[in-house]
Amino acid sequence: MPSITVLEFEKLIDELEGNIRKTREIAGRENRDVGVEIEDLEKNRDALLREFFDALTPWDNVLLARHEKRPYTLDYLPLLFDDFLPLHGDRLFDDDGAMIGGLASLDGKPVVVIGQQKGRDLKERAQRNYGYARPEGYRKALRLMKLAERFNRPVITFVDTPGADANVPSEERGISEAIARNLREMSVLRTPIVSIIIGEGGSGGALGIAVADRVLMLQHAVYSVIAPEGCASILWRDPARKAEAAQAMQITARDARALGIIDEVLPEPLGGAHRAPEATGEVIKEAVVRHLKEVGRLSKTRLLSSRYEKFRSLGRFIDPEAPEDSATPPAENPAVVSP
Amino acid sequence: MPDWFRRRHAPPGVANDSQSTGVPDVPAGVFTKCEKCGRILLAKDFERDLKVCPRCDHHHKLSADERIAHVADPGSFQEMDAGLSSADPLGFPDYAAKAAKGVSVSGRPDALVTGTAGIGGYACVLGVADFRFMGGSMGSVFGEKFARAAEYALDQKIPFVVFCASGGARMQEGLLGLMQMAKTSAAVAQLAEAGVPYVSVLTDPTTGGALASFASLGDIILAEPEAYVAFAGTRVAQQAQTHKPPANYQTSEFQMEHGMVDRIVPRKELQTTLVRVLAFFGAPQQSSPLAQAAAAANGNGEMGEPAKSVGRNGKGPH
Ligand SMILES: [Zn+2]
């Protein structure tokens, strides 16, 4: 168990990389061959990275998911799609900067892309409300999904939000209704949907664009019912116990896969997506294309019944009247069923 | 006022249930007092008034059983899936203890009670959340019972009426808790697609993941007066606030003003309002074969015992 967080660890790595750079510079000036030396330093760096990343805590994954350099939706779009035509507005009230959407083409095939977007600098963060989407964002997303449905185009959504916006204006304009409506409508949308959790999958705000045929998740992304700080302050009246809450809630990609919440964990480059966004984009693209191909083969009826069953089956409980052969219960508790 | 009302301590043999409202202790059983204005009320009047304070109109929370007794025709309620209970899928700290406490306080194995009922003679499937069980939170049992009840309504083509009293997704079930939002909403979508009516009644409190899923999806959405109806809790909201909230922020009245609720209905009018709504939908009368089957089942079995097999998991009402 590492005693420092991933952000502290990254400072060490930065130092190491500084050394590598300096060695290169000196070698260049003195016209000296340092190939072996550099290779050694790089090996050392990768070994450290591997060791640290093998033992990441859930809280480290939260820090990585919120990393200020982590690639956002807009960073991935050019890596996945040949073009992207952004479209704006919910046709009701406003355009939400925290929710982007538009038309794109994936290997030449037209798709609708929707994604939550955080800001890179202060100005953009304000414009995008730090990725907290407002009712207008969910309604814009739904408008574009309906467009995709009407023209039989698949929908690809990128999830990256700390949660939906909870300010007075959002409450006034029905943030709950907007999310609820998306949950209902997405569950019966007559076109394939693939969602990728690329960073923070913050509660209902994330789920509001993630009721999909396939839900994929980057290795260091997190997906949770409530932020660890919120969980810790409610349960233990102590937000400082966030790491403990992150552990208890099982919010990592591996946890989500084990619980059957997501369909696939997409591996990130060593050290996290921000160390190699292009490589991460390639991994996402390969997976999205593959999953779309699979669900694209299903008839509309089959597609919808599978999607319903997928979410219908999520839950673990004890049913004393369940026929014993009707479930595949975990061995240690034969009464627990996942219907 | 009797002399003992002025005593700070209850006389021997009288339970002390004082809440720290500055109101004198009240002997249990005979008297009770309003949680909001502190008025001392005769317990039997309080029950007769459906736990609504005659002075300040505060609607006190009801248990699932009290709610069912208020809205369902006498003897008509046939419970479904009464045995489902939480499995603590994450091994979450203190979950088992909290669930056990919920069981002892509510007398139910989880936070949602479902079954078939008659309301003014109209057959429907009724779901009632009980806030006393872990704040009415939505765990796997809640979602499963909701989905089974909706599927039964779909199968029988009778309306689904749900009373919400819930703080949202159950943290102790992590992502499985969150997914109950999708599960309940997907079940409602099946009703909508098939034209089966779904009525949602928001009671105190309806917040978070409950409001952001099934509670906001009713074909008709009713609410009790002054219920706390909110997306984010007050504390969270205050931290995030850049706008000054109005005085009635996050109440039923606020939600109706902003178009999120069809109608605020005082508790004493709730049953008759539901009857009018069900009449509009053309819900089948309880003299239908379903009602007769339910009545027959009621005659030969106790509540909670299986009577016949219907529906997805072989569990019909019984
Ligand atoms: Zn009162």
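Which chain is which? The protein sequence lines are A and B, in order. For my numbering, add 2 to where a residue sits in the first sequence, where the first one is 1. For my numbering, add 1 to where a residue sits in the second sequence, where the first one is 1. For every residue, glycine included, the Cβ atom is placed at its ideal position computed from N, Cα and C.
Check: Any C-beta of chain B under 9 Å from that of Ile-320(A); Outcome: yes
Check: With 16 other Cβ atoms within 10 Å as the buried cut-off, status of Asn-154(A); Outcome: exposed
Check: Sheet register partners of Cys-165(B) (DSSP bridge); Outcome: Leu-203(B)
Check: Sequence-distant residues of its chain with Cβ nearer than 6 Å to Ala-238(B) (five each side left out); Outcome: At Ala-238(B), the pLDDT of 49 sits below 50, so the modelled position is not reliable; the number obtained from the coordinates is stated separately. So the list is empty, once near-sequence residues are dropped.
Check: Candidates Ile-228(A), Leu-306(A), Leu-51(A), of which the one nearest Pro-271(A) by Cα; Outcome: Leu-51(A)
Check: Beta carbon proximity, Asp-257(A) to chain B, threshold 9 Å; Outcome: yes
Check: Interface positions of the region 204–219 of chain B facing chain A (Cβ-Cβ less than 7 Å), listed along the chain; Outcome: Gly-210, Leu-212, Ala-213, Ser-214, Ser-217, Leu-218
Check: Every unbroken alpha helix (DSSP H) within the region 40–88 of chain B, with a cutoff of 4 residues, ordered by chain; Outcome: 44–49, 65–72
Check: Enclosing beta strand (DSSP E) for Arg-145(A) [first to last residue]; Outcome: It is not in any beta strand (DSSP E) - Arg-145(A) instead sits in the alpha helix (DSSP H) that spans 137–152.
Check: Cutoff 9 Å: Gly-329(B) Cβ touching any chain A Cβ; Outcome: Given that chain B is displayed from residue 2 to residue 319, the structure contains no residue 329(B) and the question cannot be resolved.
Check: Through-space distance from Met-180(B) to Val-129(B), alpha-carbon basis; Outcome: 20 Å
Check: 9 Å Cβ cutoff, Tyr-229(B) in contact with chain A; Outcome: no
Check: Chain-ordered residues, beta carbon under 6 Å from a heavy atom of ligand 2; Outcome: No copy of ligand 2 appears in this structure; the ligands present are ligand 1.
Check: Among Ala-208(A), Val-217(A), Pro-171(A), the one whose alpha carbon lies nearest that of Val-227(A); Outcome: Ala-208(A)
Check: Residue from His-69(A), Phe-54(A), Thr-59(A), Arg-23(A) whose Cα sits closest to the Cα of Ile-200(A); Outcome: His-69(A)
Check: Limits of the unbroken alpha helix (DSSP H) element including Ser-205(A); Outcome: 205–209
Check: The beta strand (DSSP E) enclosing Phe-86(A), as first and last residue numbers; Outcome: 86–88
Check: Simplified DSSP assignment, three categories, for Tyr-229(B); Outcome: strand
Check: Chain-ordered neighbours of Met-101(A) on chain B, where CB pairs are closer than 8 Å; Outcome: The premise fails here: Met-101(A) is roughly 16 Å from chain B at the closest Cβ pair, so nothing lies under 8 Å.
Check: Proximity test, Cβ basis, 9 Å: Asn-314(B) and chain A; Outcome: The pLDDT assigned to Asn-314(B) is 46, lower than 50, so where the model puts this residue is not dependable, and the model offers no usable value.
Check: Per-residue burial, Gln-286(B) [other beta carbons within 10 Å of its own, 16 or more giving buried]; Outcome: exposed
Check: 9 Å Cβ cutoff met for Met-171(A) and Leu-305(A); Outcome: In the sequence as presented, Met is not what sits at residue 171(A); that position holds Pro. Cβ atoms of Pro-171(A) and Leu-305(A): not closer than 9 Å.
Check: is_contact[Ala-44(B), chain A] using C-beta, thresh 9 Å; Outcome: no
Check: 9 Å Cβ cutoff, Arg-186(A) in contact with chain B; Outcome: yes
Check: Local conformation of Leu-127(B) per DSSP, three classes; Outcome: strand
Check: Minimum Cβ-Cβ distance from Gln-79(B) to chain A less than 9 Å; Outcome: no
Check: Sequence-distant residues of the same chain with beta carbon closer than 8 Å to Ser-107(A), five excluded per side; Outcome: Phe-83, Asp-84, Asp-85, Val-113
Check: Stretch-stretch touch, CB-based, cutoff 8 Å, three pairs: the region 136–151 of chain B with the region 188–200 of chain B; Outcome: yes
Check: Within-9 Å CB hit, Glu-225(B) to chain A; Outcome: no
Check: Straight-line Cα distance separating Gln-173(B) from Glu-266(A); Outcome: 24 Å
Check: Nearest-angstrom Cα separation, counted from Leu-177(B) out to Arg-314(A); Outcome: 11 Å
Check: Beta-carbon separation (whole angstroms), Gly-317(A) vs Ser-141(B), contact threshold 8 Å; Outcome: 3 Å
Check: Opening and closing residue of the alpha helix (DSSP H) in which Val-244(A) lies; Outcome: It should be pointed out that residue 244(A) corresponds to Lys in this sequence rather than to Val. Per DSSP, Lys-244(A) belongs to the alpha helix (DSSP H) from 244–251.
Check: First through last residue of the alpha helix (DSSP H) which encompasses Val-227(A); Outcome: Segment: none, Val-227(A) is in no alpha helix (DSSP H) and carries neither H nor E.
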